[in-house]
Amino acid sequence: MNENMNESTYNDNDIKVLKGLEAVRKRPGMYIGSTSSRGLHHLVWEIVDNSIDEALAGYSDIIKVFINKDNSITVIDNGRGIPTGIHPKTGVSTIETVFTVLHAGGKFGGGGYKVSGGLHGVGASVVNALSSFLEIKVYQNGSIYSMSFKNGGKDIEKLKVIGEYEGEKSGTEVTFRPDPEIFTETTEFDYDILRTRLRELAFLNKGLKIILTDERRGEDKKVQEEFMYEGGIKEYVKMLNKNKTPLTKEIVDVEGEIDEVIIEVALQYNKSYSGLIYSFVNNINTHEGGTHEDGVKQALTKEIKRYAKDKKILKEKDEPLIGDDVREGLAMIISCKHPNPQFEGQTKTKLGNSEVKKIASSIFSEGFRKFLLENPNEAKIIVEKAMAASKARIAAKKARELTRRKGGLELTTQWGKLTDCSSKDVKESELFIVEGNSAAGPAKQGRDSRIQAVLPIRGKIINVEKSRLDKILANEEIRSLITAFGTGVGEEFDIEKLRYNKIIIMTDADVDGAHIRTLLLTFFYRYFEPLVENGHIYAAQPPLFKISHGKTNKYVLDQEELDEYVNNLSEKTKYDISRMKGLGEMDPIELKETTMDIKTRNLLKIELDDAILADETFQILMGEDVAPRRKFIEDNALNVRNLDV
Ligand code: 1YM
């Protein structure tokens, strides 16, 4: 305990500060979204953001992140170091101010491209409020300064000089341990989550070196990776296409600045039939797009159409190209740096600044037009890809019309294999997609027929990664799925027409089941992304083991639960363990109780918050390249239950 903190030294400012930090502890979700694993990792982003801001301002080029043995985190940069002097407004050191006053982070320095969107940039003080311990070291002008906090900022060890050093360097080092009283679910950091985002930050900030070290497994087994990309987002695109077959050799790379708004775009086409656009504003992923993305997309369509017409590849009689056509097989990164971004949308990840559309469009148009003219071979390949996509789109439309007339895609009396529920209330309705007919029987008997519908599908459905929509629609399982959803697909997709609030994939708890689930998820991800994003997709979790003793049957999800249950049985109890082989083996009552009944089941919501990671996984599992797939399956063989990206 710190002796400076007895009551007589509290002043009005201290009380205000404590109230602020206390507010964060009372409602952590308001500041970091949640106190789940996601919120936990958010703490790291808050601190790293300050280092990134320093790098964007041009003062630093190395950021080191350590996951320490005790699951605390250390972030170090080689910037100017947080100012150590007294802050005129608060009367205490600027460092203390930054770590105790809410929202102090971004407000001090003027100008620059500070990270300030959505949940980001709420500041170091929030991290302090939610940490049981936090220490700051600043290296400045030959002196090492240090101050620390305990108990969510309540106990302060004031700023002091703890040593001297030789040389020119300066920088900031922050170590914090998340408070287990706040993060009750988990305080364990996930290496892959940190890795993915830090690598992304390195791509987005060319030349910046980020080093991640995991110290948790001891000195000789420690894991360390370094991310540094001289090519920036160009190298990001290269990675996105790593498991695909690129169509063009060159990666288009366009950069420009108008009115302090910087736009950078990198793109390359591949042979696949889906497009991928990731856009960012000040390093924040704008999942919902916005004006920067709109501008670039518009320019892409315009320039390809113009080129195709000018070179007479596209004739007057041909159907005009639309946006979807020019985005087939496109891998594109858009990065916008804006001094004053306005974020909109449900998750505050949509850029709203209206002036950016024109800026983005004009910068990209100019650069891309130049690329097409200077690379006629590449240009021809791109135009031909778009024209093939256009033809397929028109064929798919015809296929849809045809199936519609046959009653395949819209509701008629002919239901295919769907056993529907009686409720017409979408909010309570659920659709179980069940693998195989042997499981369909128990599922139909075990369901609550009022609100639960069952759709059996045969084993392995078509791999949608390798086909276009017109071909996919020829597949019976796919058609019955789309019919059941009610939303339509492709240009017709309308989420308002969704017939079930929850779509639940129910497959066996084995590798085959996981494979089918991945096929279905690929399909949903490609063609029904809004369903995933809006939380309509779930995976049922059938039990893996049954423990029988006396007249009791207990079902458990995995080995861990099994061990726990068995350990808690009294020593005299005789018990039997059986491994559940498949859904088809369970009787309807068992299936109902363990997997389907709203009151007792354990559903897994499929989240797509990291679409990039998801796409990579799908790519590896579905793509043409066998080696990465084998490696992925080997790496994850023991972990099939967590395959739901
Ligand atoms: C490991 C975390 O926080 N680095 C960092 C933070 C700051 C500065 C440099 C900095 C900013 C400015 C001037 C400015 C911050 N300073 C402030 C504040 N790394 C980490 N590196 N001098 C140094 O923005 O003008 C907030 S963050 F407000 F004190 F200036």
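The numbering used here applies: residue 727 is where the sequence shown begins, and numbers increase by one. Using N, Cα and C, we set each Cβ at its ideal position, and we do this for glycine too.
Identified DSSP bridge partners for residue i
{"i": "residue 904", "result": "857"}
{"i": "residue 1010", "result": "1007"}
{"i": "residue 897", "result": "865"}
{"i": "residue 803", "result": "789 and 898"}
{"i": "residue 955", "result": "According to DSSP, which records beta bridges pairwise, residue 955 is partnered with nothing at all."}
{"i": "residue 1330", "result": "1265"}
{"i": "residue 965", "result": "None, per the DSSP bridge assignment."}
{"i": "residue 1160", "result": "1182 and 1232"}
{"i": "residue 1189", "result": "Residue 1189 pairs with nothing; no bridge assigned."}
{"i": "residue 768", "result": "In DSSP, residue 768 forms no bridge with anything."}
{"i": "residue 996", "result": "972"}
{"i": "residue 1219", "result": "BP columns for residue 1219 are empty, so no partner."}
{"i": "residue 1239", "result": "Answer is none; residue 1239 lacks a bridge partner."}
Inter-residue Cα distance where the pair is residue i and residue j
{"i": "residue 1030", "j": "residue 1109", "result": "7 angstroms"}
{"i": "residue 790", "j": "residue 774", "result": "9 angstroms"}
{"i": "residue 1313", "j": "residue 1223", "result": "34 angstroms"}
{"i": "residue 885", "j": "residue 755", "result": "30 angstroms"}
{"i": "residue 1204", "j": "residue 974", "result": "32 angstroms"}
{"i": "residue 1259", "j": "residue 921", "result": "23 angstroms"}
{"i": "residue 917", "j": "residue 761", "result": "18 angstroms"}
{"i": "residue 745", "j": "residue 751", "result": "10 angstroms"}
{"i": "residue 1192", "j": "residue 999", "result": "7 angstroms"}
{"i": "residue 1150", "j": "residue 1177", "result": "8 angstroms"}
{"i": "residue 1075", "j": "residue 770", "result": "19 angstroms"}
{"i": "residue 1220", "j": "residue 1209", "result": "13 angstroms"}
{"i": "residue 813", "j": "residue 828", "result": "15 angstroms"}
{"i": "residue 1061", "j": "residue 873", "result": "36 angstroms"}
{"i": "residue 1006", "j": "residue 1012", "result": "5 angstroms"}
{"i": "residue 1310", "j": "residue 1165", "result": "4 angstroms"}
{"i": "residue 767", "j": "residue 859", "result": "16 angstroms"}
{"i": "residue 815", "j": "residue 739", "result": "10 angstroms"}
{"i": "residue 1039", "j": "residue 996", "result": "20 angstroms"}
{"i": "residue 1125", "j": "residue 804", "result": "60 angstroms"}
{"i": "residue 910", "j": "residue 881", "result": "22 angstroms"}
{"i": "residue 986", "j": "residue 1213", "result": "42 angstroms"}
{"i": "residue 796", "j": "residue 961", "result": "34 angstroms"}
{"i": "residue 844", "j": "residue 1308", "result": "Residue placement at residue 844 is poorly supported in this model, since its pLDDT is 38, which falls under 50; the coordinates are not used for a value here."}
{"i": "residue 965", "j": "residue 1302", "result": "49 angstroms"}
{"i": "residue 1018", "j": "residue 1068", "result": "12 angstroms"}
{"i": "residue 968", "j": "residue 994", "result": "11 angstroms"}
{"i": "residue 1158", "j": "residue 1287", "result": "25 angstroms"}
{"i": "residue 810", "j": "residue 1009", "result": "28 angstroms"}
{"i": "residue 1023", "j": "residue 1066", "result": "22 angstroms"}
{"i": "residue 924", "j": "residue 776", "result": "14 angstroms"}
{"i": "residue 1138", "j": "residue 1249", "result": "Unreliable placement is indicated for residue 1138, whose pLDDT of 41 sits below 50; the coordinate value is still reported in the next sentence. Cα-Cα distance, rounded: 24 angstroms."}
{"i": "residue 1168", "j": "residue 1298", "result": "35 angstroms"}
{"i": "residue 892", "j": "residue 940", "result": "29 angstroms"}
{"i": "residue 1070", "j": "residue 887", "result": "44 angstroms"}
{"i": "residue 1095", "j": "residue 1086", "result": "14 angstroms"}
{"i": "residue 743", "j": "residue 784", "result": "31 angstroms"}
Cβ-Cβ separation, residue j to residue i (assumed contact under 8 angstroms), whole Å
{"i": "residue 1273", "j": "residue 1291", "result": "6 angstroms"}
{"i": "residue 1115", "j": "residue 1051", "result": "4 angstroms"}
{"i": "residue 1267", "j": "residue 1321", "result": "7 angstroms"}
{"i": "residue 1372", "j": "residue 772", "result": "The structure shown does not extend to residue 1372, since the chain is modelled only from 727 through 1371, so no value can be given for it."}
{"i": "residue 823", "j": "residue 879", "result": "The Cβ separation is near 12 angstroms, so there is no contact."}
{"i": "residue 1090", "j": "residue 989", "result": "7 angstroms"}
{"i": "residue 1242", "j": "residue 1333", "result": "Not a contact, Cβ separation roughly 20 angstroms."}
{"i": "residue 1227", "j": "residue 1156", "result": "7 angstroms"}
{"i": "residue 899", "j": "residue 868", "result": "Between residue 868 and residue 899 the Cβ distance is about 16 angstroms, and since that is not below 8 angstroms, they are no contact."}
{"i": "residue 1112", "j": "residue 1199", "result": "So it is not a contact: roughly 21 angstroms between Cβ atoms."}
{"i": "residue 912", "j": "residue 798", "result": "Incorrect: roughly 14 angstroms between the Cβ atoms, too far for contact."}
{"i": "residue 1034", "j": "residue 1026", "result": "Wrong, their Cβ atoms sit about 12 angstroms apart, outside the cutoff."}
{"i": "residue 963", "j": "residue 977", "result": "5 angstroms"}
{"i": "residue 1264", "j": "residue 1207", "result": "Not confirmed; about 15 angstroms, so no contact."}
{"i": "residue 895", "j": "residue 865", "result": "6 angstroms"}
{"i": "residue 1073", "j": "residue 1014", "result": "6 angstroms"}
{"i": "residue 935", "j": "residue 788", "result": "5 angstroms"}
Closer than 8 angstroms to chain D by CB, residue i
{"i": "residue 1256", "result": "Reference to chain D is not applicable here, since this structure consists of a single protein chain."}
Point to revise | 3-residue-minimum beta strand (DSSP E) runs that sit fully inside the region 1071 to 1118, ordered along the chain | key: none
Exercise for review: Could you pull out every unbroken alpha helix (DSSP H) segment of at least 4 residues lying fully inside the region 1284 to 1331, listed in chain order?
Suggested key: As for any alpha helix (DSSP H) of minimum length 4 sitting wholly inside the region 1284 to 1331, the runs are 1285 to 1294 and 1314 to 1317, ordered along the chain.
Check your understanding: Which ranges does the alpha helix (DSSP H) cover as unbroken runs of at least 4 residues, wholly within the region 1006 to 1060, from first to last along the chain?
Key -> 1017 to 1036 and 1049 to 1052
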